[in-house]
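Chemist:
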Amino acid sequence: MKRMLFATLLLLMLTAGSREVFAQGEEPAIYVIQKGDTLWGLSERFLKDPYFWPDLWSRNQRLTNPHFIFPGQKLRIYPDRIEVVEPSPPPLPLAQGGKAVPAAPISTTPAAEEVVQEKTYMVSGSEGFLLENGLIPAGFIISTNQNRQIVGEDDIVYTDFGKAHGVKVGDRFSIYKKLGAISHPVTNVILGYKVIPLGSLQVSETEEKVSKAIITKSFMEIGAGEYLMPYTERKREVALKSSDKDLTGYIVETQTGNKAIAAGDVAYLDIGRSQGICAGNMLYVVRDVVPDQKFLEVPVDKLPSELIGAVVIVETGEYTSTALVIKSIDTIYRGDRVELKKSK
Numbered sequence: 006m007k008r009m010l011f012a013t014l015l016l017l018m019l020t021a022g023s024r025e026v027f028a029q030g031e032e033p034a035i036y037v038i039q040k041g042d043t044l045w046g047l048s049e050r051f052l053k054d055p056y057f058w059p060d061l062w063s064r065n066q067r068l069t070n071p072h073f074i075f076p077g078q079k080l081r082i083y084p085d086r087i088e089v090v091e092p093s094p095p096p097l098p099l100a101q102g103g104k105a106v107p108a109a110p111i112s113t114t115p116a117a118e119e120v121v122q123e124k125t126y127m128v129s130g131s132e133g134f135l136l137e138n139g140l141i142p143a144g145f146i147i148s149t150n151q152n153r154q155i156v157g158e159d160d161i162v163y164t165d166f167g168k169a170h171g172v173k174v175g176d177r178f179s180i181y182k183k184l185g186a187i188s189h190p191v192t193n194v195i196l197g198y199k200v201i202p203l204g205s206l207q208v209s210e211t212e213e214k215v216s217k218a219i220i221t222k223s224f225m226e227i228g229a230g231e232y233l234m235p236y237t238e239r240k241r242e243v244a245l246k247s248s249d250k251d252l253t254g255y256i257v258e259t260q261t262g263n264k265a266i267a268a269g270d271v272a273y274l275d276i277g278r279s280q281g282i283c284a285g286n287m288l289y290v291v292r293d294v295v296p297d298q299k300f301l302e303v304p305v306d307k308l309p310s311e312l313i314g315a316v317v318i319v320e321t322g323e324y325t326s327t328a329l330v331i332k333s334i335d336t337i338y339r340g341d342r343v344e345l346k347k348s349k
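Going by our numbering, the sequence shown opens with residue 6, and the numbers climb by one from there.
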């Protein structure tokens with residue numbers, strides 16, 4: 006469907022007088038990347054779909070860095086892919102006698118200041134994360150003012166930490182609710198517990214082992230027993246970052262608990278800082294294609310994986326991470342594989 010749409014758009018643009026696209030049967034168009042160009046923008050320009058650029062990139066074996074493009078690079082535009090045009094070697098200079106003299110090697114590495122960053126993402130801070138096995142929260146809400154079952158903004162609560170724990174008046178903490186245990190969809194190993202943010206509080210009085218605090222922000226119901234973690238800003242911007250390694254992991258859970266998710270949803274992965282993941286890394290969501298042997302004369306063990314989406318890491322734990330789905334070509338499910346590609 007995407008290819009048919011792409012071909013139709015190209016033909017429409019051709020009839021409108023565009024010199025950068027081509028009719029069926031003509032040579033592919035050559036486009037020179039200008040400073041300020043992004044794959045995001047080029048996808049919008051040629052496909053009318055800015056979210057389609059991860060798929061375009063995945064079709065191109067020569068574009069090894071999905072996060073950066075460089076002014077001066079030439080792209081060959083096809084209906085179903087974009088390729089880098091390899092630069093032609095310069096002609097060898099002639100020495101006396103007419104013999105060619107080998108030219109000095111020319112660096113093809115673009116200057117660092119000419120790198121064009123691809124995209125940044127604003128996250129709300131409501132994504133939650135997996136509290137990994139062995140990690141202990143900073144404390145708990147142990148009681149509420151007048152023992153109320155539900156409290157909210159400007160209400161008083163009491164915590165189980167105080168001066169003995171280094172807590173001071175004015176300290177701020179984020180409030181989380183602990184949900185169920187999360188098991189790996191392949192190995193069934195318990196990875197930790199899903200926690201979701203509820204709000205924040207600020208310490209107003211301290212005793213040796215307990216403290217009094219006021220809830221400064223609440224966006225869900227809060228009660229006794231909620232987890233407290235060091236305060237972090239909810240809204241923040243995450244910029245795409247390249248990676249120096251290839252990694253494979255799995256979607257182990259979704260924020261909503263739904264089995265199926267799409268663009269804009271949040272997923273939790275089974276790879277984290279210890280494996281080299283960091284906020285801003287973009288991973289492709291892929292799914293194996295199983296061949297139907299009854300239609301094959303010669304058995305085939307494996308077919309190329311199918312690209313179904315892309316996610317960006319917004320928060321990392323030691324062994325897990327939280328990711329935002331930025332593109333879904335097909336429905337994404339818990340248990341789907343994710344792949345991080347090394348930038349070369």
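Built from N, CA and C at the ideal position, the CB exists for glycine as well.
Excluding the 5 residues preceding and the 5 following residue 350 in the sequence, name in chain order all residues of the same chain whose CB lies nearer than 7 Å to its CB.
Modeler: As shown, the chain starts at 6 and ends at 349. That puts residue 350 outside it, with no answer to give.
Chemist: Within its chain, find whatever has a CB closer than 8 Å to the CB of residue 291; leave out the 5 residues flanking it on each side and keep chain order.
Modeler: For residue 291, where only same-chain residues beyond five positions count, the Cβ hits under 8 Å are 310, 311, 312, 313, 341, 342, 343, 344.
Chemist: With a threshold of 8 Å, are at least 3 pairs of Cβ atoms found where one atom belongs to the stretch 209 to 226 and the other to the stretch 149 to 166?
Modeler: At 8 Å Cβ cutoff, the stretches touch.
Chemist: Return the CA-CA distance between residue 264 and residue 228, expressed in angstroms with no decimal places.
Modeler: Roughly 28 Å between the two C-alpha positions.
Chemist: Which residue's Cα is closest to the Cα of residue 245: 287, 144, 82, 170?
Modeler: Closest by alpha carbon: 287.
Chemist: Report the rounded CA-to-CA distance for residue 213 versus residue 144, giving the unit in angstroms.
Modeler: Going from the Cα of residue 213 to the Cα of residue 144 covers about 14 Å.
Chemist: For residue 332, does the three-state DSSP call read helix, strand or coil?
Modeler: Residue 332 falls in the strand class under three-state DSSP.
Chemist: Just to confirm, is the Cβ distance from residue 275 to residue 325 under 8 Å?
Modeler: Yes.
Chemist: Quick one: using the 10 Å Cβ neighbour count with 16 as the cut-off for buried, is residue 112 buried or exposed?
Modeler: In this prediction, residue 112 has a pLDDT of 38, which is less than 50 and means its spatial position is unreliable; what the coordinates show is noted afterwards. With fewer than 16 Cβ atoms within 10 Å of its Cβ, residue 112 is classed as exposed.
Chemist: By the 10 Å Cβ neighbour count, where 16 or more other Cβ atoms means buried, how is residue 231 classified, buried or exposed?
Modeler: With 16 or more other Cβ atoms within 10 Å, it is buried.
Chemist: Tell me which residues share the same chain as residue 285 and place their Cβ nearer than 6 Å to its Cβ, disregarding the 5 neighbours each side in the sequence.
Modeler: Taken in chain order, the residues that qualify are 243, 244, 245, 246.
Chemist: Could you name the residues that DSSP lists as bridge partners for residue 222?
Modeler: Answer is 205, bridged to residue 222.
Chemist: Based on the DSSP secondary-structure assignment, which residues constitute the bridge partners of residue 241?
Modeler: BP columns for residue 241 point to 128.
Chemist: Using DSSP with H/G/I as helix, E/B as strand and the rest coil, what is residue 40?
Modeler: Residue 40: coil per DSSP, three-state reduction.
Chemist: Going by C-alpha to C-alpha distance, which of 331, 262, 269 sits closest to residue 339?
Modeler: When only C-alpha atoms are compared, the closest one is 262.
Chemist: Look at the Cβ atom of residue 133, then the Cβ atom of residue 201, and state whether they are nearer than 8 Å.
Modeler: In contact: residue 133 and residue 201 (Cβ atoms closer than 8 Å).
Chemist: Would you decide whether residue 173 is buried or exposed? Buried here means 16 or more other CB atoms lie within 10 Å of its CB.
Modeler: Exposed is the call here.
Chemist: Indicate whether residue 233 and residue 180 have their beta-carbon atoms separated by less than 8 Å.
Modeler: Cβ distance < 8 Å, so residue 233 and residue 180 count as in contact.
Chemist: Alpha carbon to alpha carbon, how far is residue 346 from residue 141? Give it in angstroms, no decimals.
Modeler: So the two alpha carbons sit approximately 33 Å from each other.
Chemist: Would you list the one or two residues that DSSP bridges to residue 318?
Modeler: 328.
Chemist: Would you mind reading off the limits of the beta strand (DSSP E) that contains residue 179?
Modeler: It spans 177 to 188 - the beta strand (DSSP E) in which residue 179 sits, taken as one unbroken run.
Chemist: Kindly list the residues whose CB is nearer than 8 Å to the CB of residue 138, restricted to its own chain and excluding five residues on each side of it in sequence; keep chain order.
Modeler: Cβ neighbours of residue 138 beyond the five flanking positions: 195, 196, 197.
Chemist: Can you find the residues in the same chain that come closer than 7 Å, C-beta to C-beta, to residue 280, ignoring five residues on each side of it along the sequence?
Modeler: Cβ neighbours of residue 280 beyond the five flanking positions: 252.
Chemist: Per DSSP, what are the beta-bridge partners of residue 163 in this structure?
Modeler: Beta-bridge pairing links residue 163 to 148, 217.
Chemist: Can you find the residues in the same chain that come closer than 6 Å, C-beta to C-beta, to residue 333, ignoring five residues on each side of it along the sequence?
Modeler: Contacts found: 267, 268, 314.
Chemist: Could you give the distance in angstroms between the alpha-carbon of residue 131 and the alpha-carbon of residue 184?
Modeler: Rounded to the nearest angstrom, the two C-alpha atoms are 15 Å apart.
Chemist: Does DSSP put residue 81 in a helix, in a strand, or in coil?
Modeler: Here residue 81 sits in strand by DSSP.
Chemist: On a Cα-Cα basis, can you pick out the residue from 175, 190, 135 that is closest to residue 205?
Modeler: Among 175, 190, 135, the Cα nearest to that of residue 205 is on 175.
Chemist: Can you name, in chain order, every residue of its own chain whose Cβ lies under 8 Å from the Cβ of residue 224, other than the five neighbours on each side?
Modeler: So the list reads 131, 202, 203, 204, once near-sequence residues are dropped.
Chemist: Please report the Cβ distance between residue 164 and residue 147, rounded to the nearest whole angstrom; I am assuming they are in contact, meaning their Cβ atoms lie under 8 Å.
Modeler: So it is a contact: roughly 6 Å between Cβ atoms.
Chemist: Would residue 289 and residue 191 be called neighbours here (beta carbons separated by less than 8 Å)?
Modeler: Their beta carbons are not under 8 Å apart, which means residue 289 does not touch residue 191 by this criterion.
Chemist: Can you check which of these residues, 317, 210, 211, 189, is closest to residue 248 by C-alpha distance?
Modeler: Residue 317 is the option with its Cα nearest to residue 248.
Chemist: Might you give, ordered along the chain, the residues of its own chain that have their beta carbon closer than 6 Å to the beta carbon of residue 127, omitting 5 neighbours on each side?
Modeler: So the qualifying residues of the chain are 242.
Chemist: Anyone know if the C-beta pair for residue 271 and residue 327 falls short of 8 Å?
Modeler: For residue 271 and residue 327, yes; Cβs fall inside 8 Å.
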